[in-house]
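Dropping the structure here:
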């Protein structure tokens, strides 16, 4: 019984990570489907945006909801900058080239952030709401931080809006068409420039949102604090299968959940606690071997 | 146990192929190398004869000969000098032009321009003077040297005769020596090569005997193909999930014929070819091939990358030419299985690899000449016109010493005259390479013209098989594909 | 005899093969052994200059590290440029080499040659595994899978034994002779040149062509008898082997290993190697060498000498990032393409100058 309670507590403790990963993965998927590239700069952009928010909120005492909105705008601007200034100007950049560009951006951001914001760790953004909910059950206390609950709400809202846009609006139709073939999309009259620019803008904003949620939930802010989440989002993407939009989101739920559940099994043997990630990665490898296109992915076959 | 035996048989077969390939490699190499030896020897002899001719000529000459030589050489040298002077003139001319252009803007009176032109003209004159001075200098030098030469004693007629006979004798001895050496080299090489080949053949026979023993032990119930039939498909079925692409198809292809496969789109024609080449493993049914060694092979047992070893080659509907490399490299890729060297040899570029490259490149050149692609030999395949790419596809199939060639819509994208060319090409290939050709085609003109035997299918099922006339008049085929006679005539 | 007379007759014979130093140089340059041998010679001379005191230690260290990373980058060039397979696990494979060198020398107390063999064999085994996996999984999925694999490997290596131990050339013995840093450097150069030549040979051989065919069209390659399994395995084995060798030499050159060494084994390093290959030119070995230098050596050798960067080290990282982005944006084919474009530009400029100077001849 006590074990079950601790399992539930572990799950609720990991809810924040799940939300953050879901939001980050949505950004990664959006860029992967429309620009055909893995965005290695996702974490760096997120961190930079969070620095902006942290300084505005803490140093300059801007009301922190306003600060967060400014951070999101910063993210949008950055995303637009990347697409318009860099990707469009370049000549025939192929897929790997785009990945390298994002990698170069990481270097630039990692160099620029300490320069602009100073090298010390900024004070943390306060949690959205302090305190925990405590529910008595199963002979003990099940606690969920209120911050997590708010984050769940935000995540649900944002993702629902995005999915509604993706599947019901004209913009979403354009995104889905560009995702299946950029060249043909251009031919049938979709303005691929607008699509890629808005996708980058939204993805960057999502990244900043995810990082802000994470930072407010007690993670200290360094330029590379989103790296773990970024790796998780890539893995979530391939677990779910990049050929759909929903798949990676589901993957983003599964992976952090699996990690914390396997960690919980540490009560059997501390081995599980320290090796939780490795075990989940191995399970992920096995899952991909069984379903090479991801759990929810569609198989693409070429006609010869 | 049977599995191990199977693996042993595979090993033996692979060794047999290896040694066969090596013996043929050395046999081909022998031809090339002997040619090289001959060329080198002949060149040596030529050089020697030329040298002796020069020696004699420099001894025996008249003043008039010298004058002739002088005229000839001086023409060349004066031309060269003139060119140099011309370049100097051009520099001056350009400077003058630029100056004039600048002046023209300022719209000065014609005086300065006239001045510039005058300067240019005087410069040209001075250059002409230089040229004349140069010519004169040369002439004087020549006269001086001629005087000097004439003052020396000229060899008498006897001495000239002696020189001539000496040089002729020298020519003959040298030629004899070189020929002797050449014969020795040839003999030595042929001997060592034959020894090498003999040793390889020994090993080859050894392995072949072992293989025979093993095959008899296994007692493979080899299917008996009737005489003259090269390929038989028996109850071939290929289902992709619920889609029955090929449904219970049975047909025979005779050796040396051109076999056409026609049918509406989606009838399963390319799928049949994919099944034959094992790109898709058939859901059920049998495929038997009579290969070059007159054995009957069950195609379903082969892996897709081993099908080429049985002599089956194919082209693709959407041209799959490797665009990143040159045309020659595309052919070398097609000959990939003929290289018997492993990747260590490749990493170190050992001599055996150079030998193989030499022989196989010679083969590739022959194929390129046959297809008329020699011009494109070293060009990158990227950006070449569609017709050339199609020819490269076909050339690729010829590289692998084909036994059965499968052409997937070879006339797609070709106009009428090109299609006629293609028909002739197909017949030439069949005659020259003595192979069988299967083709899928929508262009009825080509099919009826070139094919001996035609199979019409629809929705994966056989409609009719026969000669062109029979197919054209078959009611089912007309209904499904060709159209009834009234429609055709219009 | 009158020279001119002779010369005129000589003019009518067949052209002789070129002799003289120009032809010799051309022949050496066109042979991979010649090209890379010269490079190795140059690097060895640098080391000798260092021993003589002319070249400072810091430059030597940078060159050594660039050479080490080049070894990994060469393998990656073969994998990405010629076989078209993506892998983000280079960091993990290098880590394998680093840690096996450390364990071999420190924990198991074996001498350097057996340790090298063990590192090589382990890398080959991992390469085998990844190769088999690559038959089933493709593209971005494979790339991220190798990332997960490398994270697993790094975690495994870090926690098998806590590694805070430092060794200082104590156990670096080659048949009993203690190896100095300089000796390791020479070994690195020799190995680099050998691997460069081997890879260049491989590229110009049927194996290299088979890899390109496999990259270009799987169906056509299979139809021409190229076994996907064999060549994918080969590509991955070579790439992981080279990365393992690079890691081994990394530790041999810098024997002090600490927990912080493990922090370099991240996705960042894999991306750096990927970047080195891409900005060099995916199909060019020399380009890969230049790319590795730009990513790993440019900062230390050039930028550090500029006072501005010395004071603001953060800018160096930014400059490298900007450089990478600019190269990829405007020269997607990397430095190899840049060189090609430069040569064309040079030809055009020469022609223009000639027209300016000599005018157009009617």
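Chains as they are written, first to last, in the numbering used here: chain A, 1 to 304; chain B, 1 to 490; chain C, 1 to 362. Here a beta-carbon is modelled for each residue, glycine too, at the ideal position from N, C-alpha and C.
Taking the alpha carbon of residue i as the reference point, which residue from the options has its own alpha carbon closest?
i, options, result
"residue 52 of chain A", "A:287, A:209, A:298", "A:209"
"residue 299 of chain C", "C:318, C:329, C:271, C:200", "C:318"
"residue 460 of chain B", "B:301, B:451, B:270, B:362", "B:270"
"residue 377 of chain B", "B:329, B:390, B:347", "B:329"
"residue 103 of chain C", "C:321, C:157, C:274, C:66", "C:157"
"residue 80 of chain B", "B:135, B:66, B:94", "B:135"
"residue 253 of chain A", "A:54, A:161, A:268, A:235", "A:235"
"residue 83 of chain A", "A:55, A:60, A:34, A:110", "A:34"
"residue 295 of chain B", "B:286, B:305, B:310, B:306", "B:310"
"residue 247 of chain B", "B:212, B:283, B:215, B:262", "B:283"
"residue 483 of chain B", "B:7, B:263, B:320", "B:263"
"residue 96 of chain C", "C:109, C:28, C:57, C:152", "C:152"
"residue 272 of chain B", "B:293, B:288, B:238", "B:238"
"residue 272 of chain C", "C:338, C:66, C:285", "C:66"
Which residues in the same chain as residue i place their Cβ atom closer than 7 Å to its Cβ, once the five residues preceding and following it in sequence are excluded?
i, result
"residue 341 of chain B", "352, 353, 356"
"residue 211 of chain A", "46, 47, 49, 50, 226"
"residue 336 of chain B", "none"
"residue 134 of chain C", "85, 142, 232, 236"
"residue 208 of chain C", "82, 202"
"residue 165 of chain A", "171, 172"
In chain order, what residues of the same chain lie with their CB nearer than 6 Å to the CB of residue i, ignoring the 5 residues before and after it?
i, result
"residue 230 of chain B", "253, 255, 290, 436"
"residue 19 of chain B", "200, 203, 204"
"residue 273 of chain A", "263, 266"
"residue 302 of chain B", "278"
"residue 60 of chain B", "160"
"residue 15 of chain C", "No answer about residue 15 of chain C holds up, because its pLDDT of 47 lies below 50 and its placement is not dependable."
Should residue i be labelled buried (16 or more other beta-carbon atoms within 10 Å of its own) or exposed?
i, result
"residue 224 of chain B", "exposed"
"residue 229 of chain C", "exposed"
"residue 45 of chain C", "exposed"
"residue 375 of chain B", "exposed"
"residue 87 of chain B", "exposed"
"residue 14 of chain B", "exposed"
"residue 30 of chain C", "exposed"
"residue 226 of chain B", "exposed"
"residue 15 of chain A", "buried"
"residue 38 of chain A", "buried"
"residue 165 of chain B", "exposed"
"residue 133 of chain B", "exposed"
"residue 148 of chain B", "exposed"
Hey, residue i and residue j are a contact pair by Cβ (cut 8 Å); roughly how many whole angstroms apart?
i, j, result
"residue 196 of chain B", "residue 26 of chain B", "6 Å"
"residue 381 of chain B", "residue 434 of chain B", "Not confirmed; about 28 Å, so no contact."
"residue 146 of chain C", "residue 129 of chain C", "Rounded, the Cβ-Cβ distance is 10 Å, inconsistent with contact."
"residue 276 of chain B", "residue 312 of chain B", "7 Å"
"residue 327 of chain C", "residue 321 of chain C", "Actually they do not touch by this definition, with Cβ atoms about 11 Å apart."
"residue 465 of chain B", "residue 21 of chain B", "37 Å between Cβ atoms; not a contact."
"residue 332 of chain C", "residue 191 of chain A", "With a Cβ gap of about 24 Å, residue 332 of chain C and residue 191 of chain A do not count as contacting."
Bridge partners of residue i, per DSSP?
i, result
"residue 234 of chain B", "B:286"
"residue 229 of chain B", "B:254"
"residue 136 of chain A", "A:141"
"residue 312 of chain B", "B:404"
"residue 380 of chain B", "B:326"
"residue 436 of chain B", "B:404"
Going by beta carbon distance, what residues of the same chain come within less than 8 Å of residue i, once the five residues before and after it are set aside?
i, result
"residue 130 of chain A", "146, 147"
"residue 490 of chain B", "The predicted position of residue 490 of chain B is uncertain, since its pLDDT is 49 and thus under 50; no value can be drawn from it."
"residue 138 of chain B", "74, 77, 78"
"residue 297 of chain A", "240, 241, 242, 243, 244, 247, 291"
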